Amino acid sequence: MLPAVSPTTWSNARHSVEITGARFAELLLSVPSEAMATVDWTVADTAAHLVTISDAYRRMLGKSGSLSESPVIAEVIPRTTVDTVAQFNDVALAQLTERDVRTLAGRLREDIAAIQRACDDLDPDEPIDWLGGSRVPAAGVLAHLVNEMQVHGRDIARATGTRWAILPADAALFFELFLLGVTRHGYGHLLDWNRPEHRGRVAVEFRSAYTSPAVMVLDNGRVSIGHPGRDIDVKVRFDPVYLNLMLFGRVSRARAALTGKVVVWGRRPWLLPVFMRKMRLPS
């Protein structure tokens, strides 16, 4: 079992969400709001998407403890899986009609300030109810918000020719606090699917210069936290920035491998795709 979130890591997560939030809000005000940030979303749509997340996290980490006050969204939350997150996002965006980026940037800043106030009284390892019946530690909620701003900030910057930097130490929070955190506390129905489960055990060790060594184990369809150095099938050394971009479909696995940003070896490295098909993220 992994230890609880350290005070240093908690402090780093809080600092990162504050700084990244300020940078993202400034980015929104420096580019055309009608520019297409992705195939489907304009800059304004992307800003609204981030506000649906920051508003939800303000509620979850605050006194209400609710992901949303909208009955429509509340109905979708329990049955959301990794494969239906896009539909959940569509429902959430439909509930937020504001598309003025200045207003949205202001709301993002206000939400992050409220999140920081709520965090003053929170245990960073306190499990918070999340999508699909999963439980995420409070620090993991911050790490997820940071990652959303990092990835979508990159989308906007690439589409508008603007500079956007992602620091590896900030990117590492997503793996260490969110991915490991939701696995440790319970991912509920998030990974449910209508496919035959892999029979047998696959243990994958993850290492980077910015995280402690960690092992995740897929055992007959269930993912759990394992122990470094014990019966490891696959070893992965990763650059946190590239790992996150790869997991969310912004960088191909081939590019990550060819650039040496994600290196795979071990006694049975061919089992990594089996593990990744189950422990997947929306792209």
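If you're matching positions, the sequence shown starts at 1 in the working numbering and goes up one per residue.
Even for Gly, the Cβ is constructed at its ideal location relative to N, Cα and C.
Just so we're clear, the structure is a prediction, and the values are computed from it rather than from any experiment.
- In this structure, R135 lies near H185, with their beta-carbon atoms less than 8 Å apart.
- For W265, the enclosing beta strand (DSSP E) starts and ends at 262–265.
- Between the alpha carbons of A35 and A157 lies a distance of about 11 Å.
- R199 sits in coil when the DSSP states are folded into three classes, being neither helix nor strand.
- Under the three-state reduction of DSSP, M279 is assigned to coil, being neither helix nor strand.
- Residue burial is scored here from C-beta neighbours: W265 has fewer than 16 other C-beta atoms within 10 angstroms and is therefore classed as exposed.
- In the DSSP annotation of this structure, the continuous segment of the beta strand (DSSP E) that includes D129 starts and ends at 127–129.
- Runs of the alpha helix (DSSP H) spanning 4 or more residues and lying entirely within the stretch 72–106 occur at 85–95, in chain order.
- In the structure shown, the three-state DSSP call for V204 is strand.
- Its chain contains R59 as the residues whose beta carbon lies nearer than 8 Å to that of E69, once the 5 sequence neighbours on both sides are disregarded; these appear in chain order.
- Scanning the stretch 160–232 for uninterrupted beta strand (DSSP E) segments of 3 residues or longer gives 201–208, 211–219, 222–225, listed from N- to C-terminal end.
- When the five nearest sequence neighbours on each side are left out, the beta carbons in the same chain lying within less than 6 Å of the beta carbon of L272 are those of V234, V264, in order along the chain.
- A straight-line Cα-Cα distance of about 42 Å links A92 and G229.
- Rounded to the nearest whole angstrom, the CA to CA distance from F178 to S33 is 30 Å.
- In the three-state reduction of the DSSP assignment, P137 falls in the strand class.
- Following the DSSP letters along the chain, one finds F24 in no beta strand (DSSP E) but inside the alpha helix (DSSP H) bounded by residues 7–28.
- Taking a cut-off of 8 Å on C-beta distances, the stretch 103–112 touches the stretch 43–58, as three or more cross pairs fall below it.
- Counted as a single uninterrupted DSSP element, the beta strand (DSSP E) harbouring V236 occupies residues 234–238.
- For the pair Y242 and A254, the CB atoms are not nearer than the 8 Å cut-off.
- Taken through DSSP and simplified to helix, strand or coil, T42 comes out as strand.
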